[in-house]
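First comes the structure, then the notes that go with it.
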Amino acid sequence: MTTQVTPSPKALVTQPSEREVRIERIFNAPRERVWKALTDPTLVAQWWGRGNKLVVERMDVQRGGHWRFVEHSPDGTHGFEGRYREVKPMERIEQTFEWDGTPGHVVVETMTLEDLGDGRTKLVNVSLFHTPEDLQGMVGAGMEQGLNQSYAALDKLLARPN
Amino acid sequence: MSIGSLSEHFQMTLTGFRKHVRILEEAGLVTTEKVGRVRHCKPGPKRLEDVTKWVATYRSLLEQRLDHLEDFLERTKGTP
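Protein chains in written order, with the numbering used here: chain Z, 1 to 162; chain L, 1001 to 1080.
What follows is the structure, given as structure tokens:
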């Protein structure tokens, strides 16, 4: 698979392989605040749900700790969960990510924070999918369900003759 | 179909919608063409059945979360 690069003023997205998605973002906030926003349940509840209501059911930020978030979006309720594989304060979080719609299909997400020294912080998120076959499984199991409703609707619209 | 008229079917801002279209275009799911001042959108070479679909969806979700994290950091500026 070829590498896709999307430069924009604040984001850089690459797909280094068919198993990985890498997203780089620069936030205009010191590293301590970014770290807190990622690890404090009351703060996570204020942004992780993408504007939807989010219930943080569990969030035990330490190696082996369990996290479970439930997002209440207009198209339904979606549970996400995983475990923290590594937590290095202010620097790095490695965690597993699963969506209830495709149980057992695990993505490993690694987030690293870099203090840019000018009050800004660079966040790099690398998401590693298990195998391409696993991706296929997720697609098969998940597409008809709510999470991807928007894309399906878009596909339908686009397929209409003009 | 123009991006503007497509966006009316989704609960998101035009700017947000353009971002999604860009991701879908990179994934080959749609192609866009500018006619005059209006950008039109049509199905791309890849179909949604493709594995790319999940990656594009996952990516879009992740980017939306990071957008919201950014907004959150902006609006809570000055707090410890």
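All residues carry an ideal CB built from backbone N, CA and C; glycine is no exception.
Practice prompt. Quick one: residues in its chain with C-beta nearer than 8 Å to the C-beta of Ser-1005/L, no 5 flanking neighbours on either side, listed in chain order?
Written response: Mapped onto the second sequence, residue 1005/L falls at position 5. Cβ within range, chain order: n/a, list empty.
Worksheet entry | Top-ranked residue by Cα proximity to Lys-1077/L, from Ser-127/Z, Thr-39/Z, Arg-120/Z, Gln-95/Z | One-based indexing of the second sequence puts residue 1077/L at position 77. Closest option to Lys-1077/L, Cα to Cα, is Arg-120/Z.
Fill in: Glu-191/Z versus Met-1001/L: straight-line alpha-carbon distance, rounded
Since the first and last residues shown for chain Z are 1 and 162, residue 191/Z lies out of range.
Discussion item. Below 8 Å, how does it come out for the stretch 84-103 of chain Z and the stretch 56-72 of chain Z: are there three or more Cβ pairs, yes or no?
Written reply: yes
Fill in: Proximity test, Cβ basis, 8 Å: Phe-27/Z and chain B
Protein chains in the displayed structure are Z and L, and chain B is not among them.
Discussion item. Helix, strand or coil for Trp-99/Z? Go by DSSP, reduced to three states.
Written reply: Numbered from its first residue, the first sequence carries residue 99/Z at position 99. Of the three classes helix, strand and coil, the one that applies to Trp-99/Z here is strand, per DSSP.
Worksheet item: Under a Cβ-count criterion, where at least 16 other Cβ atoms within 10 Å of its own Cβ denotes burial, should Lys-1034/L be classed as buried or exposed?
Response: On the second sequence, residue 1034/L is found 34 positions in, with the first residue counted as 1. Of the other Cβ atoms in all chains shown, fewer than 16 fall within 10 Å of the Cβ of Lys-1034/L; this residue is therefore exposed.
Worksheet item: chain L beta carbons: is any one of them nearer than 8 Å to that of Ala-45/Z?
Response: Taking the first residue of the first sequence as 1, we reach residue 45/Z at position 45. Judged by the 8 Å Cβ criterion, Ala-45/Z is not in contact with chain L.
Worksheet entry | Val-34/Z - containing alpha helix (DSSP H), residue span | To locate residue 34/Z, count along the first sequence from 1; it is residue 34. DSSP places Val-34/Z inside the alpha helix (DSSP H), whose first and last residues are 31-39.
Worksheet item: Hey, Val-106/Z and Glu-20/Z: beta-carbon distance below 8 Å or not?
Response: The residue labelled residue 106/Z in the question sits at position 106 within the first sequence. The residue labelled residue 20/Z in the question sits at position 20 within the first sequence. No; because the gap between Cβ atoms is not below 8 Å, this pair is not in contact.
Discussion item. I believe Lys-1042/L touches Thr-1031/L by the beta-carbon criterion, under 8 Å. Please report the beta-carbon distance rounded to the nearest angstrom.
Written reply: If you number the second sequence from 1, residue 1042/L lands on position 42. If you number the second sequence from 1, residue 1031/L lands on position 31. Right, the Cβ-Cβ distance comes to about 6 Å (below 8 Å), so this counts as a contact.
Item to complete: Just the chain Z side, please: which residues come within less than 9 Å of Glu-1070/L by C-beta, in chain order?
Response: Taking the first residue of the second sequence as position 1, residue 1070/L is located at position 70. What Glu-1070/L touches in chain Z: Lys-10, Arg-25, Phe-27, Asn-28, Ala-29, Trp-47.
Worksheet item: Three-state secondary structure (DSSP) at Gly-1044/L?
Response: Your numbering for residue 1044/L matches position 44 in the second sequence. Correct three-state label for Gly-1044/L: coil.
Item to complete: Can you give me the start and stop residues for the beta strand (DSSP E) that His-66/Z sits inside?
Response: As a working note, residue 66/Z is residue 66 in the first sequence. That run of the beta strand (DSSP E) goes 66-73.
Worksheet item: Roughly how many angstroms lie between the CA atoms of His-1009/L and Val-34/Z, to the nearest whole one?
Response: Numbered from 1 along the second sequence, position 9 holds the residue referred to as residue 1009/L. Numbered from 1 along the first sequence, position 34 holds the residue referred to as residue 34/Z. Going by the C-alpha atoms only, they are around 34 Å apart.
Worksheet item: Does Ser-127/Z have its Cβ less than 8 Å from a Cβ in chain L?
Response: Here residue 127/Z refers to the residue found at position 127 of the first sequence. Closer than 8 Å: yes.
Practice prompt. Would you decide whether Glu-1074/L is buried or exposed? Buried here means 16 or more other CB atoms lie within 10 Å of its CB.
Written response: Here the question's residue 1074/L lines up with position 74 in the second sequence. Classification for Glu-1074/L: exposed.
Discussion item. Can you tell me whether Thr-1076/L is helix, strand or coil according to DSSP?
Written reply: In the second sequence, counting from the first residue as 1, residue 1076/L sits at position 76. For Thr-1076/L, the three-state secondary structure derived from DSSP is coil.
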